[in-house]
Amino acid sequence: MDWNFETISSVMELAGDAGAATGKVAKGLETLKTLFKKAETDGDTNLKIALSELAVQVANAQVANSDLKLKLAKLQDELAKAQSFKSDLERYELWETPTGAIVYRLKQASQGSQPKHYLCPNCVEDRHKSILQGHEEHRKCPRCSTEYRFATSESVTFSRRSDDWAAW
Ligand SMILES: [Zn+2]
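And the structure:
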């Protein structure tokens, strides 16, 4: 994830530099830091509210530090991206291929007009949506190059033979 504790810490340092007028802001940032710790498990709603409140506090305190404002704007932007990624990911489910590989599969109910596709779980961990490319036996992630087997060679051989038989 792009936003992290280092970002929060640097925002907090800036808030400290801005002086006494930003006492409220600093308190808001403390709250924000706590919420970031909980965000992964509890969802991002509280965090979003805290960020909005903090932005109002910064405006009210008339903080002269434009760096702080920029950092906050960046945080809000990154949070919005994280949330949109999260809601997009809800259209997928973890699925085990017949060979035991674990990938994200588009839920049937969410498919709509989109073709059936799979996401790389490795890249999902890094908050990247990477669609696996390949064919029904074997697919590869174009981003991290992890390869996933979707079928055993025996079953593929069998299905090829069946096709040959059908052709006869
Ligand atoms: Zn990947």
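Quick note: numbering that gives the first Met the number 0 has the sequence shown finishing at residue 167, numbered continuously throughout.
Ideal Cβ placement from N, Cα and C applies to all residues, glycine included.
The structure displayed is predicted, hence computed values, not measured ones.
{"query": "For Leu93 and Thr151, the rounded distance between their alpha carbons", "result": "20 Å"}
{"query": "beta-carbon Thr96 near ligand 1 non-hydrogen atom, thresh 6 Å", "result": "no"}
{"query": "Same chain, Cβ closer than 8 Å to Pro120, neighbours up to 5 away in sequence not counted", "result": "Leu93, Ile101, Val102, Tyr103"}
{"query": "Of the listed residues Pro97, Gly99, Leu118, nearest to Lys106 (C-alpha basis)", "result": "Leu118"}
{"query": "Straight-line Cα distance separating Lys68 from Asp1", "result": "Confidence is the limiting factor: at Asp1 the pLDDT is only 47, short of 50, which leaves the residue's position unreliable, though a coordinate-based value still follows. Roughly 18 Å separates the two Cα atoms."}
{"query": "Where Lys184 sits in the DSSP three-state scheme", "result": "Outside the displayed span of the chain (0 to 167) sits residue 184, for which this structure offers no information."}
{"query": "Residue nearest to Lys85 in terms of C-alpha spacing, selected from Glu124, Val55, His137", "result": "Glu124"}
{"query": "Cβ separation of Arg90 and Cys122, assumed to be a contact under 8 Å, to the nearest whole Å", "result": "16 Å between Cβ atoms; not a contact."}
{"query": "Alpha-carbon to alpha-carbon, Ala72 and Ala54", "result": "8 Å"}
{"query": "Arg142 beta carbon near ligand 1 (any heavy atom closer than 6 Å)", "result": "yes"}
{"query": "Spatial distance of His127 from His116 (CA atoms)", "result": "15 Å"}
{"query": "Terminal residues of the alpha helix (DSSP H) in which Leu131 lies", "result": "First-last for Leu131: undefined, no H or E at that position."}
{"query": "Pairwise C-alpha distance: Glu77 and Cys140", "result": "25 Å"}
{"query": "Opposing strand residues paired with Lys139 [DSSP bridges]", "result": "Gln132, Glu146"}
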